[in-house]
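Enquirer:
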Amino acid sequence: ILFCARNAWAMDKVADALSTRSFTIKLWPPSQKTRLMLVERMTKNLSSVSIFSKKYGLLTPEEAEENAKQIEDVAFAAANEHHEKEPDGDGSSAVQLYAKESSKLMLEVLKRGPKGSKDTQGPEVPRSIDNGVPRKTVFDISGGSRAFIDGSEAQELLSPLAETGNSYTKICFSNRSFGVDAARVAEPILRSLRGQLTEVDLSDFIAGRPETDALEVMSIFSSSLEGCLLRYLDLSNNALGEKGVRAFGALLQSQRDLEELYFMNNGISEEAAQAIRELLPSTDKLKVLHFHNNMTGDDGAVSLSEIVQSSAALEDFRCSSTRVGSDGGIALANALSACKNIKKLDLRDNMFGVEAGVALSKSVSVHANLAELYLSYLNLEDEGTIAISNALKGSTSTLRVLELAGNEITVKSAGSLAACVATNQSLEKLNLSENELKDEGCLVLCKALEGGHDNLKELDLSSNSIRRVGAKVSAQAVANKPGFALLNIDGNFISEEGIDEVKDILKAGSNSISVLGPLDENDPEGGDEDEEEEESSKAAEDGEAEAGEELESKLQDLKVEQ
Numbered sequence: 147i148l149f150c151a152r153n154a155w156a157m158d159k160v161a162d163a164l165s166t167r168s169f170t171i172k173l174w175p176p177s178q179k180t181r182l183m184l185v186e187r188m189t190k191n192l193s194s195v196s197i198f199s200k201k202y203g204l205l206t207p208e209e210a211e212e213n214a215k216q217i218e219d220v221a222f223a224a225a226n227e228h229h230e231k232e233p234d235g236d237g238s239s240a241v242q243l244y245a246k247e248s249s250k251l252m253l254e255v256l257k258r259g260p261k262g263s264k265d266t267q268g269p270e271v272p273r274s275i276d277n278g279v280p281r282k283t284v285f286d287i288s289g290g291s292r293a294f295i296d297g298s299e300a301q302e303l304l305s306p307l308a309e310t311g312n313s314y315t316k317i318c319f320s321n322r323s324f325g326v327d328a329a330r331v332a333e334p335i336l337r338s339l340r341g342q343l344t345e346v347d348l349s350d351f352i353a354g355r356p357e358t359d360a361l362e363v364m365s366i367f368s369s370s371l372e373g374c375l376l377r378y379l380d381l382s383n384n385a386l387g388e389k390g391v392r393a394f395g396a397l398l399q400s401q402r403d404l405e406e407l408y409f410m411n412n413g414i415s416e417e418a419a420q421a422i423r424e425l426l427p428s429t430d431k432l433k434v435l436h437f438h439n440n441m442t443g444d445d446g447a448v449s450l451s452e453i454v455q456s457s458a459a460l461e462d463f464r465c466s467s468t469r470v471g472s473d474g475g476i477a478l479a480n481a482l483s484a485c486k487n488i489k490k491l492d493l494r495d496n497m498f499g500v501e502a503g504v505a506l507s508k509s510v511s512v513h514a515n516l517a518e519l520y521l522s523y524l525n526l527e528d529e530g531t532i533a534i535s536n537a538l539k540g541s542t543s544t545l546r547v548l549e550l551a552g553n554e555i556t557v558k559s560a561g562s563l564a565a566c567v568a569t570n571q572s573l574e575k576l577n578l579s580e581n582e583l584k585d586e587g588c589l590v591l592c593k594a595l596e597g598g599h600d601n602l603k604e605l606d607l608s609s610n611s612i613r614r615v616g617a618k619v620s621a622q623a624v625a626n627k628p629g630f631a632l633l634n635i636d637g638n639f640i641s642e643e644g645i646d647e648v649k650d651i652l653k654a655g656s657n658s659i660s661v662l663g664p665l666d667e668n669d670p671e672g673g674d675e676d677e678e679e680e681e682s683s684k685a686a687e688d689g690e691a692e693a694g695e696e697l698e699s700k701l702q703d704l705k706v707e708q
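Take any residue in the sequence shown, note its place counting from 1, add 146, and you have its number in our numbering.
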C-alpha cells in the first residue's frame, strides 16, 4: 500500500529534493503553482486503473478532481498549522506532513471507491472523508492581512460556527483583532460549541486595542469557553501581563486535560507567571509547554518550575528568551528532573551561567528520549558545557539536534564535546557557532565526527576564530556523509588558500561544494597573532601549514573517551 501511495503522486521524491536544500531556502508555504501541480497529479492517479480501482471501483475524472482538491486543502491546512507551531523551522517538517497527509487521504478515497458504489466488502467511510467531502473540523480565520473586526463583520465571519450540526473541533482566531462588540457576537456562538471544541487558538487576537477593551474581550472569550475540554490552547502574541492572564482565569481554571499550552510573546512577568501557576488546576496530561520571548525573570521562572515539576508527561518544553538568570535556571533545571519523557528542550537566550548549567546537566542525564536540545546563549562557559557534555555522553538518548552556540566555549571543552558527539551517532544538526574553539578545538571535535554520523545534515562552526587547519578538518569530517546539507564556517579567519583547499576537499567528496555555506563574513587577514602563536606554539613561527602539522600531531595519541 505504501508503495502504491508513493507511486500515486510521487510526493516523496519532491519532499526529498526539497529537504536537501532545507538549510538554504524557505520550504513552506508552497507556491500556488506547486499546489495546483499536486492536485493535477492526484487527479490523474485517482482516475487511473490500479489495484485499488480493480477492487473498489474506478473514479471518474470529475470525481477524482473534486477529491484531489479537497485532499490538498485538508493536507495544506494540517501542514500549515504544524508549521505555525514551529516558527523557527525552515518548513521541511511541514513539507513532509503535507506529503504524508495527502498520501493518507488519497488512499482513503481510493479504498472508498466511486460515489454510489455498492461494494459492501469495502472499508467503512473514513473519519477524515465523509461521502467524498472532508468534514470541516478546523475553523481558521487567520489567513489574509491583519485586520480589526467589528460586530457586523464578526456576525458574517463566524456564521459557519453557528450552523447546526457543524463538526468543528478547532478554532483559530489569530491575526484578527476583536473589539468588544465582535466579542459579544462571538460569545453565544462559542458557548454553543463548548461540548465539541478541543483546540483553541486565540493568539494575536486583540492587537491594537486599548487595555480596557482588550481585557473585556479576553474576559468574554474566557467565560464563553469556560468548561471546554481542551487539549490545545494557544494564547501567544497577546499583551497579557498579569491582568490579561487573570482575564482568562475562568477558562484556565476549567482546564484539566490540556496537552499543549502556549504563552509566547505575552509580556509574562513574574506576577503573570505566578498567576498562571495559581490558575491552572492540573497539568498531569501536559505534553507541550512553550514560554518564549517574555520577561519572566528568576522569580517568575520559579513559578514556572512548579508547573514543570507537576507535568510528568511533558515532552516538549520551551522557555527561551525569558530573562531567566542563575537562580531561575537552577529552579527550572531541578524541576525538569521530574520530566523523564522530555524529547525537546529549548532554553536558548537566557542568563543561566555556569551553576545553572551544571544543575541542568543532572536533569539531562535522566532524559533518555531527548531528541532536540537547544542551549545556545546561556553563558555556560567551559565548566557548564563540560558538565552537560558528560551527561549527554552517559545518557541513552537518541539526540538529533544539539545547539550550544554563544557559550564562550574554548578548547578546554573540546574533549568532552568530542566524547559526547562520538556517542550520539544519531546527530543531524550540531551548532557550536560563536564560541572560541579555534583550530585545536575544531580538530578534536571533528576527529569525533569522522566515523559514523551518517545522519548528520548540518555542522555550524561559524565565528570560532578558526583558520586554515580547522576549516580543512571540518570539510574532511563531512565531505562524504550521505545527506549532508550545510557546513557553516563563516565568520572565521580562513586564508584564501585555506578556502580553496576546503572547496577542493568538498569537491572530491560525495556531497560536492554545494554544502558549503556563505563566507561573506570570513576575514582572511583577521585574528590575533599572539593568540595564534599561543595556540600553535613554535609552529606559528614557521607558517600556517606547519601549524596544522603541529596540531594534527597532537591528535595522534588523542583518545575520545567513550
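Even glycine gets a Cβ: it sits at the ideal position worked out from N, Cα and C.
For clarity, every value in this text was computed on a predicted model and none was experimentally measured.
Can you name the residues that DSSP bridges to S466?
Expert: Looking at the DSSP assignment, S466 forms a beta bridge with H438.
Enquirer: Taking Cβ positions, are V454 and L491 nearer each other than 8 Å?
Expert: No, these two residues do not count as a Cβ contact at 8 Å.
Enquirer: Would A481 and S451 qualify as a contact pair, given that the criterion is a beta-carbon distance under 8 Å?
Expert: Yes, these two residues count as a Cβ contact at 8 Å.
Enquirer: Can you tell me whether Y408 is helix, strand or coil according to DSSP?
Expert: Of the three classes helix, strand and coil, the one that applies to Y408 here is strand, per DSSP.
Enquirer: Answer with buried or exposed for E186, where buried requires no fewer than 16 other C-beta atoms within 10 angstroms of its C-beta.
Expert: It is exposed - the Cβ of E186 has fewer than 16 other Cβ atoms within 10 Å.
Enquirer: Between R392 and chain C, is any beta-carbon pair separated by less than 8 Å?
Expert: Of the protein chains in the structure, only one exists, and it is not chain C.
Enquirer: What do you reckon, are the CB atoms on K324 and F351 nearer than 8 Å?
Expert: The amino acid at residue 324 is misidentified as Lys; the sequence shows Phe. Yes. Within cutoff.
Enquirer: Expressed to the nearest angstrom, what Euclidean distance is found between the alpha-carbon atoms of N129 and F394?
Expert: It is not possible to answer for residue 129, since the shown part of the chain is limited to 147 through 708.
Enquirer: Could you please give me the residues that DSSP links to E518 through a beta bridge?
Expert: In the DSSP output, where bridge partners are listed per residue, E518 has K490, V547.
Enquirer: According to DSSP, G556 sits in a beta bridge with which residue or residues?
Expert: The sequence given here places Thr at residue 556; Gly does not occur at that position. According to DSSP, T556 bridges with E582.
Enquirer: Name the residue from S656, G561, N525 whose alpha carbon lies nearest to the alpha carbon of V504.
Expert: Among S656, G561, N525, the Cα nearest to that of V504 is on N525.
Enquirer: Here's the rule: buried if 16 or more other CB atoms are within 10 angstroms of the residue's CB, otherwise exposed. What is V195?
Expert: Counting Cβ neighbours within 10 Å, V195 comes out exposed, since fewer than 16 surround it.
Enquirer: Specify the secondary structure class of S507 as computed by DSSP and reduced to three states.
Expert: In the structure shown, S507 sits in a helix (DSSP, three-state: H, G or I).
Enquirer: Using the C-alpha atoms, what's the distance from A293 back to G475?
Expert: Each residue's alpha carbon lies about 39 Å from the other.
Enquirer: Quick one: give me the first and last residue of the alpha helix (DSSP H) that E345 is part of.
Expert: From DSSP, E345 is part of no alpha helix (DSSP H) but of the beta strand (DSSP E) over 345-347.
Enquirer: Should R402 be labelled buried (16 or more other beta-carbon atoms within 10 Å of its own) or exposed?
Expert: So R402 counts as exposed.
Enquirer: What are the residues that DSSP puts in a beta bridge with F294?
Expert: Partner(s): S323.
Enquirer: With distances taken from CA atoms, which of Y244, L256, W174, K250 is nearest G203?
Expert: Per the Cα distances, L256.
Enquirer: Rounded to a whole number of angstroms, what is the C-alpha to C-alpha distance between C592 and L493?
Expert: In a straight line, the C-alpha of C592 is about 26 Å away from that of L493.
Enquirer: Can you tell me where the alpha helix (DSSP H) with D650 in it begins and where it stops?
Expert: Segment 642-654, the alpha helix (DSSP H) holding D650.
Enquirer: Give the straight-line distance between the Cα atoms of R469 and A418, rounded to the nearest whole angstrom.
Expert: Taking the straight line joining both Cα atoms gives about 14 Å.
Enquirer: If you check the beta carbons only, do D528 and S559 fall under 8 Å apart?
Expert: For D528 and S559, yes; Cβs fall inside 8 Å.
Enquirer: Please return the same chain residues whose Cβ sits closer than 6 Å to the Cβ of K649, not counting the five positions on each side in sequence.
Expert: Counting only Cβ-Cβ distances below 6 Å, and skipping sequence neighbours, we find I659.
Enquirer: If you measure between the beta carbons of I295 and R322, is that distance less than 8 Å?
Expert: Yes; because the gap between Cβ atoms is below 8 Å, this pair is in contact.
Enquirer: Figure out for me which residue from D585, S572, L589, G499 has the closest Cα to the Cα of L602.
Expert: Closest by alpha carbon: S572.
Enquirer: Can the beta-carbon of D380 be found less than 8 Å from the beta-carbon of L426?
Expert: No, the Cβ-Cβ distance between D380 and L426 is not below 8 Å.
Enquirer: To the nearest whole angstrom, what separates the beta carbons of N213 and L243, a pair I think is in contact under 8 Å?
Expert: With 8 Å as the limit, N213 and L243 do not qualify as a contact, their Cβ atoms being about 20 Å apart.
Enquirer: Give me, in chain order, the residues of the same chain whose beta-carbon lies closer than 6 Å to that of A594; leave out the 5 immediate sequence neighbours on both sides.
Expert: A564, V567, A568, V706, listed in sequence order.
Enquirer: Could you check which residue in S609, M183, G499, I488 has the C-alpha nearest to that of G471?
Expert: Nearest C-alpha to G471: G499.
Enquirer: Go ahead and pull the three-state DSSP assignment for C374.
Expert: Coil, per DSSP.
Enquirer: Going along the chain, which residues of its own chain have a beta-carbon closer than 6 Å to the beta-carbon of C485, five neighbours each way excluded?
Expert: Hits under 6 Å: L460.
Enquirer: Taking 6 Å as the limit between beta carbons, can you name the residues of its chain near L519, skipping five residues before and five after?
Expert: The residues are L491, L548.
Enquirer: Give the DSSP bridge partners of C566, in chain order.
Expert: In DSSP, C566 forms no bridge with anything.
Enquirer: Could you check if S120 is buried or exposed, using at least 16 other CB atoms within 10 Å of its CB as the buried criterion?
Expert: Residue 120 lies beyond the residue range present for the chain, which begins at 147 and ends at 708; the question has no answer from this structure.
Enquirer: Among all the DSSP beta bridges, which residues are the ones paired with K316?
Expert: Note: K316 sits in a beta bridge opposite V284, E345.
Enquirer: With a CB to CB cut of under 7 Å and the five nearest residues on each side skipped, what residues in its chain are close to C588?
Expert: Answer for C588: L607, N610, I612, G616, V619, S620, listed in chain order.
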